Amino acid sequence: MKIATFNVNSLRKRLPIVLEWLDRHKPDVLCLQETKVQDSEFPLLALAPSGYEITFRGMKSYNGVAILSRKKPDAVFYGFDDGGDPEDARLLRVIIDGIPIVNTYVPQGFEIDSPKYAYKLAWYERLRNYFNAHLSPQAPAIWCGDMNVAPRPMDVHGPEKHLNHVCYHEAARRAYEQTVAWGFQDVFVKLYPTRQQYTFWDYRAPSSLAANKGWRIDHMIRTFRPHFFVG
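According to this note's numbering, the stretch in the sequence shown is residues 1 to 231, in order.
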């Protein structure tokens, strides 16, 4: 199964990019984050020519997750089911060919002294509880999306300058690492343990891409089950 993940940062603005990419790479599953569109306005008709099954959960102007799949999911689950606060269209789980795929857009956190950062850390704890309730480390499962954490020094440009950044702060990295330790493995690190490669360049700093001042905050994670591999 070929699975990809992409923080689209407004699906409607980047529809041509998504459609062209789907046609060229033909993944079995594409997980999208930050679709930024409420369900009633989701561009189903525009995506229809791709031939993909489309599952989504969104809200107006912010957040939003979607999963495009060649096969119709066997089951679909929206958000946390722990009775806590709504997670604001950040979590979507489907089961395809018996394999759970969890697509997440983890809160960014704003500033480390902000209530939004505390919310981010609590969100990771809720996610671990969610995995305990619905997945098994001994069974195939995929967790992917925008995690808003660069886990290693090599995953961010100039790490010494970002120790208090919400995507590299010690507490955020620890929350992410604890979640991965639940029973997952980072596929990119498994395949390319020494490669420095980024997935995000700050659009507010136009020179960041040219200067390769980026972050690896989008991840593809899988369980350790023998003979289950994602590449």
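Note that beta-carbon positions come from the ideal geometry of N, C-alpha and C, so glycine has one too.
The structure displayed is predicted, hence computed values, not measured ones.
Taking 8 Å as the cut-off, the beta carbon of D97 is found closer than this to the beta carbon of K71. Between the stretch 71-88 and the stretch 136-143, the count of Cβ pairs shorter than 8 Å is below three; the stretches do not touch. Counting only residues of its own chain and dropping the five nearest sequence neighbours on each side, D202 has a CB closer than 6 Å to the CB of S208. Less than 8 Å divides the Cβ of P137 from the Cβ of G183. The three-state secondary structure of A4, taken from DSSP, is strand. Across the structure, G51 and L22 are spaced so that their CA atoms are roughly 10 Å apart.
Around the beta carbon of P153, fewer than 16 other beta carbons sit within 10 angstroms, so the residue counts as exposed.
Distance from the Cα of V102 is smallest, within the candidate group P49, I217, C167, T5, for T5.
For L68, same chain residues with a beta-carbon under 6 Å away, outside a window of 5 residues either side, are L30, Y52, I54 in chain order. Its Cα nearest to that of A122, the residue G109 stands out among A133, G109, H134, N132. Boundaries of the beta strand (DSSP E) harbouring P100: 99-105, taken from the DSSP string. Within the model, the alpha-carbon separation for K116 versus V166 is close to 10 Å. The beta carbons of D28 and M1 sit closer together than 8 Å. Between Y62 and K26, the C-beta spacing is not below 8 Å.
When secondary structure is reduced to three states using DSSP, Q38 falls in the coil class, being assigned neither helix nor strand.
Judged by DSSP secondary structure, E20 falls within the alpha helix (DSSP H) whose first and last residues are 15-25. Between V94 and V76 the beta-carbon gap is near 5 Å, inside 8 Å, which marks them as a contact. Nearest C-alpha to N129 among Y168, F80, N148: F80.
Judged by beta-carbon spacing, L11 lies beyond the 8 Å limit of P49, meaning their Cβ atoms are not closer than that value. Close CB contacts of Y105 within its chain, under the 7 Å cut and outside five residues either way in sequence, are with Q33, E34, N63, V65, R90, G145, D146 (chain order). In the three-state DSSP reduction, F80 falls in the coil class, being neither helix nor strand.
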